[in-house]
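Residue numbers for the sequence shown follow our numbering, so the first one is 8 and each next one is one higher. Here's the structure, in structure tokens; my notes come after.
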Amino acid sequence: MNFHIAVISLKGKIYEGEAKEAVLPTVDGEITVLANHAALVAPLDVGEVVLNTTEGIKNLAIGKGVFAINKNKATLLIEDVTSSDEISESRAEEAKVKAEELIKKGVPAAEKGALTYAYRRSLIDLKVARRGRKLRLS
């Protein structure tokens with residue numbers, strides 16, 4: 008059995024269709040959602056979303072957001088989202104190295120939050136890009 012899911016970012020609708028399963032990074036840890044899930048609203052953290060859709064697996068790197076499901080209709084509202092197809096592994100690696108260098112140098116407290124976010128996001132982008140590459144090769 009499937010449920011309907013819409014993934015929406017500031018750029019617009021990223022995906023809409025049927026899914027068998029969604030794995031989501033909530034602020035309290037990773038959750039898996041299946042059809043007939045109890046009604047839920049959950050804040051999302053920076054991380055990887057894996058959607059097992061009727062069209063195949065979709066891997067997304069996301070910024071913060073909110074997930075809601077009720078009566079087999081789910082919505083992901085996300086600040087920033089990139090699919091594995093759109094992520095350049097080399098650029099993500101460069102961003103990671105740059106963030107690590109800045110962290111080692113030290114930054115003012117006001118910039119620390121943004122730098123930590125950039126570092127975490129680069130790690131997620133690398134993970135999603137590598138997983139997407141493996142899926143395309145298999």
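We put the CB at the ideal spot given by N, CA and C, even for glycine. Keep in mind it's a predicted model, so treat the numbers as computed, not measured.
Is Val114 helix, strand or coil when you go by DSSP? Numbered from 1 along the sequence shown, position 107 holds the residue referred to as residue 114. In the structure shown, Val114 sits in coil (DSSP, three-state: anything other than H, G, I, E or B).
Quick check on the DSSP output: what are the complete alpha helix (DSSP H) runs of length 4 or more inside the region 86 to 133, in order along the chain? Counting only runs of 4 or more, we get 96 to 112.
Answer yes or no: do Ala13 and Thr82 have a C-beta to C-beta separation smaller than 8 Å? The residue labelled residue 13 in the question sits at position 6 within the sequence shown. The residue labelled residue 82 in the question sits at position 75 within the sequence shown. Cβ atoms of Ala13 and Thr82: closer than 8 Å.
Mind checking whether Asn9 and Lys27 have CB atoms under 8 Å apart? Taking the first residue of the sequence shown as position 1, residue 9 is located at position 2. Taking the first residue of the sequence shown as position 1, residue 27 is located at position 20. In this structure, Lys27 lies closer than 8 Å to Asn9 by Cβ.
Quick check: what's the CA-CA separation for Leu130 versus Ala46? For the purposes of this step, residue 130 is taken as residue 123 along the sequence shown, with counting starting at 1. For the purposes of this step, residue 46 is taken as residue 39 along the sequence shown, with counting starting at 1. When rounded, the distance between both Cα atoms is 31 Å.
Rounded distance between the beta-carbons of Arg128 and Gly70, thought under 8 Å: Taking the first residue of the sequence shown as 1, we reach residue 70 at position 63. Taking the first residue of the sequence shown as 1, we reach residue 128 at position 121. Indeed, because the Cβ distance is near 7 Å, the residues count as touching under 8 Å.
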